[in-house]
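Residue numbers (the working numbering), protein chains in the order written: chain A, 1135 to 1478; chain B, 1135 to 1478; chain C, 1135 to 1478; chain D, 1135 to 1478.
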């Protein structure tokens, strides 16, 4: 008999998340309960509470896991692990309930955008396009280029990555053909691990002061709020580009805005402290920035990719094999996150 | 005794083309004559005419090669092989005089810009940046995206290359991490060669009709003027991006402008039929284009790279080894070019 | 205060397993108890039973994990996960005790030997060397070659992998430069996973009948004893090479011996049903085999690598970060192994 | 009208050199004259002497190129460029006659054998196989290993290449997955070229004294006879492996034999000063050697590959495009070879 699986996508939608093929794969592997865009009613949940083995959900809204005696996996398809306040990870780990996140579904798209923003900055693509429309094109041999600094290529440059999780590991191969030298700062990883990944572990100040392109890729936590404060941002070289991909949370955004308006370095920014951003936010005037409205991950391809990784791991779980496509909650990180949020 | 080498960089300049290291390498290998930014006077040339073995020049302006009895290599550092009207290639080939172009010095920078423009188009980076400054940012979940088509990633997409010379071969590894499928149209190369390079040879119409990203990389010749005429451009899919890198010569630019203004597809354009472009040229209004003012190759890094490849091949030639860094004129291509220009 | 760690290497030896650097790393991270080659006496164990957090051991010989209230990781350095009869995995999973195996330390060396044996077979290196010493060298243009079949290269050939775990994943990149086409049979993995790894999932008979080189890489279990029985072995093409790397357990060794003596195909064999093998075992006469006395993994470099991965994960565990270098026991596989052994 | 092409394969044979597909390609591109295994009679040659444009031959046996007024390419399919005594390269270069060698057809097979012999040495595959048959298998944990030195893996080792031509460039990617560090000695190439290829240029003594695996890949010339004399061979580390692939000419073979019999290092040898080697040559007793009877290149696949590269370049030449698959004679190397042979 096929395992019972709840599919309660809200706030996602079935038709933009699961292709027909992926829906068919899930139905072939499991007895699917619900599978609609509307909120799952309590009585529908109650009817399968005793037998459900897998819950696939936009976010965790089902209370204590002890309500589900046969539960063995939670597959979140919203994009981030449930907060420890909402889900009792301790109980999950004790019972061997896998907690899996669809975050890897976005990784490739975000990494690509990281490269695209970097090139838009270093090669002055966005500025030139803008200038062109103002009748001031930036022809190669004019002096205009110097107002925005000197364009440069990525070939052979030193790249710094703040955070070396899945996103950094997806970005690194995109930069590899340029022969970049990689350094990383990630307090959640050991030096041995980083070296094994082909990157030089460095402290944050060294990274900021010596990289030509800096990618901010760190997952937000209580301990890294405004990690890049005014002092740290001031270490960035005038000939460097900063690419802010993960969360605005990690930088002092007011300081960043001032430094960009002053032309201290160039930056590509995909995330903002408030979204949509206030119409009069001064960063909208920053010539030295490429502004992107949180578009790195959330495109149609990436959303369908959520359905794909979900189908992969549903197939694995239903045939009693280890899931491999989604990200499994690791006790160490959940603990770190919880500890630090308490401390933050 | 070291071979005599004329170094007459005009229109390039010594200090922006040759780093101190590369100048030292050339002086170590050869007896350098001239080496200044000013035009070389006739009497200076005449003084070494009988003994000069290598001429390094911004362009060929020295008449018949029979004037130089010991000449064995011409190294052009302007960026393109001398025209057959200016240089007697037949005499060079008969005498074994190598004709070498510095064009490879630009290849890496142009290839990178090709990728940068492609991402600026496919991920809507330039449009979003522009919209942001007009107070209309393109947040992921708004409907604004649809006015400019749907953004897409390069992962797994089919890429078409029109022209598969050095530039295409430098661009292909930059796209390789995205797992693209490559097809190419190049009438100067055999099918066997293209297959050996890991690309599928296709005819031009198939390429235009089936590629998601189309790179125009062909060297201009009499035979490919407006190769992409209105009919051919109309084959391009509405969900495709056209990246024009090599020369505007290859497309019917008026037709391209109209199609872009009509929103038929998106494009990144680095080359124009006249540069600077007229202030009132309608393409300046094309929302669906990323406009770049001939900035793909001509940056400071690439210009210094000219000096680098020149020093490499001067060392080789002076020690009687085969040059390897610059591009050697091949009889077949010079002949093709001449034939076709006659026919054009 | 540093975590308490038991280091009880027996049957390994400290000086051949842990380099000075790796010993220093472990001592810097943890308070090390014991750390000698002799068996750890009961009283030494008892003295730290209440506080020990990590046990590093040649094999598990400490009874019930409930004896160690603070235990959070078991690092086995023998080469294989403890048997479910010896270690209560259920208790470990419930308590969040990581069970880690050093098996990955051998993987690279075994993969290399797989390639070496394959080339020794396909290019007839071992036979030629032997023939040379008997005065019958196999010069290129003689007919001698045909008695042992036709040598062939790996370029572009179809390779089949029976088992696609860590070993296969280490072998695949070594074969990648040859442009091989990969297919795999592994009932513990899903089709989606295999496709994601760039291999075509196939059933066992198809694999045997269509591969030019077949690598036996499967971990032994009750369910795969003599998986390659006489019928299956008879499917192998006469122009194929079989490389037996993981365990003799997986094949009917008598049938294999007969087929090799009959010259049905060629084989490289590193593992035998009994080791040392009987002096009169008929396979010693098999001209079509390359015989290797279980030498794939156990060389000095690989043994020191055990110490290296152990030090990596001790550092991680002691700083409350997730281990990454050793292999973590997955509930699904332990369960599969236990189920099948019961059934076998 | 199709160009006239002479196809005179002797000493090769049509049916083992040209697949049906490649024969068809050649016939589609050119008007083929002869095309048989027997020597081409003079009258057949004379009949097309005035019109022949391409001569494809096992070796050059047609005298002065001035006999062939329309000749524009010579494609040798024997395996080595004609000697300067036999072919007037000066006349060819002056007339723009391409001289092309099929040597690249063998490169992949020889490179693979280089890796195979290296692994047979470093992992003691051939010795172990031999010992097994003598009832002395080299089980991992016995002491037997030490008599033949300690086996080692290629991972991370320093590799030295003597000669860095096409063969070295085909071998390097096969070693790349092992993360080797590459150094090369090649007096025909510049330091800049070698660095551009990702190898460190070193002098010969440094290479010999610091490499763990040494590949002898140099094309024989008058200037490199016994380049590896007794003194040079004595620099090799006791824990190194020497792989002799290109020609015995390059080493003092008597000195090498003595050093191997004394167990000074280990070696894989594919080429010998006389082939077949005398039955009583002492190297047949060298336990520390893997002996291979000139089998690196000459297998059926490689011979058919000659036909393949020939068809590729016939297609190119007949459609007036540049050949790309075979190796073109470079004036510098022909000159070097001639100079040095004169001096030798």
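The C-beta atom is built at its ideal place from N, Cα and C for all residues, glycine as well.
Through-space distance from residue j to residue i, alpha-carbon basis
i: residue 1341/C; j: residue 1295/C; result: 8 Å
i: residue 1147/C; j: residue 1400/A; result: 56 Å
i: residue 1393/A; j: residue 1248/A; result: 21 Å
i: residue 1149/D; j: residue 1431/D; result: 18 Å
i: residue 1270/B; j: residue 1239/C; result: 55 Å
i: residue 1152/B; j: residue 1440/B; result: 7 Å
i: residue 1391/C; j: residue 1343/C; result: 19 Å
i: residue 1459/C; j: residue 1232/C; result: 13 Å
i: residue 1362/B; j: residue 1398/B; result: 15 Å
i: residue 1369/C; j: residue 1256/C; result: 18 Å
i: residue 1288/A; j: residue 1304/B; result: 14 Å
Interface partners of residue i on chain B, CB under 7 Å
i: residue 1237/D; result: Here the premise fails: no neighbours, minimum Cβ distance about 16 Å.
i: residue 1227/D; result: 1230
Three-state secondary structure (DSSP) of residue i
i: residue 1451/A; result: helix
i: residue 1156/D; result: helix
i: residue 1284/B; result: coil
i: residue 1211/D; result: coil
i: residue 1231/D; result: coil
i: residue 1198/C; result: coil
i: residue 1446/C; result: helix
Residue i burial status per 10 Å Cβ neighbour count (16 or more: buried)
i: residue 1349/A; result: buried
i: residue 1141/D; result: buried
i: residue 1124/C; result: In the structure displayed, chain C extends from 1135 to 1478; residue 1124/C sits before or after that span and is not available.
i: residue 1135/C; result: exposed
i: residue 1290/C; result: exposed
i: residue 1130/C; result: One cannot answer for residue 1130/C here, as it falls past the ends of chain C, which runs 1135 to 1478.
i: residue 1170/C; result: exposed
i: residue 1477/B; result: Annotation note: pLDDT 37 at residue 1477/B (below 50); position unreliable, no value reported.
i: residue 1159/D; result: buried
Where residue i meets chain C, residues with beta-carbon distance less than 9 Å
i: residue 1287/D; result: 1242, 1243, 1246, 1247, 1433, 1435 and 1436
i: residue 1450/A; result: 1323, 1324, 1326, 1327 and 1466
i: residue 1469/A; result: 1454
Where residue i meets chain A, residues with beta-carbon distance less than 8 Å
i: residue 1453/C; result: 1324
i: residue 1464/C; result: 1456
Residues that residue i contacts on chain B, provided the C-beta gap is smaller than 8 Å
i: residue 1373/A; result: Ordered by position in chain B, no residue passes the 8 Å Cβ test against residue 1373/A, which lies about 11 Å from the chain.
i: residue 1310/A; result: 1311
Chain-ordered neighbours of residue i on chain A, where CB pairs are closer than 7 Å
i: residue 1284/B; result: 1434
Cross-chain neighbours of residue i in chain C, by beta carbon under 7 Å
i: residue 1259/D; result: 1250, 1251, 1254, 1260, 1424 and 1426
i: residue 1266/D; result: 1418, 1425 and 1427
i: residue 1363/D; result: Under the 7 Å cutoff, chain C gives no residues; its nearest Cβ is about 25 Å from residue 1363/D.
Beta-carbon neighbours of residue i, restricted to chain D and to distances below 8 Å
i: residue 1156/B; result: Residues of chain D passing the Cβ test: none, with the nearest at roughly 10 Å.
8 Å Cβ cut-off: residues of chain C touching residue i
i: residue 1303/A; result: Chain C residues near residue 1303/A: none, gap ~12 Å exceeds 8 Å.
i: residue 1346/D; result: None at all; the shortest Cβ gap to chain C is about 12 Å.
Neighbouring residues, chain A, relative to residue i (Cβ below 9 Å)
i: residue 1446/C; result: 1324, 1326, 1327 and 1330
i: residue 1399/B; result: Under the 9 Å cutoff, chain A gives no residues; its nearest Cβ is about 17 Å from residue 1399/B.
Any non-hydrogen atom of the ligand MN within 6 Å of residue i CB
i: residue 1352/B; result: With respect to the ligand MN, the structure shown offers nothing to examine, as it has no ligands at all.
Report the residue ranges of all alpha helix (DSSP H) runs contained in full by the region 1381 to 1434 of chain D; include only those spanning at least 4 residues, in chain order. With a minimum length of 4 residues, the continuous alpha helix (DSSP H) runs that stay inside the region 1381 to 1434 of chain D are 1387 to 1395.
Unbroken stretches of the beta strand (DSSP E), 3 residues or longer, contained in the region 1287 to 1365 of chain D: Those beta strand (DSSP E) runs which fall completely within the region 1287 to 1365 of chain D and span 3+ residues are 1292 to 1296, 1315 to 1319 and 1347 to 1350.
Jot down the residue ranges of each uninterrupted beta strand (DSSP E) in the region 1145 to 1195 of chain D, minimum 3 residues, whole runs only, in chain order. You should have 1165 to 1168 and 1186 to 1191.
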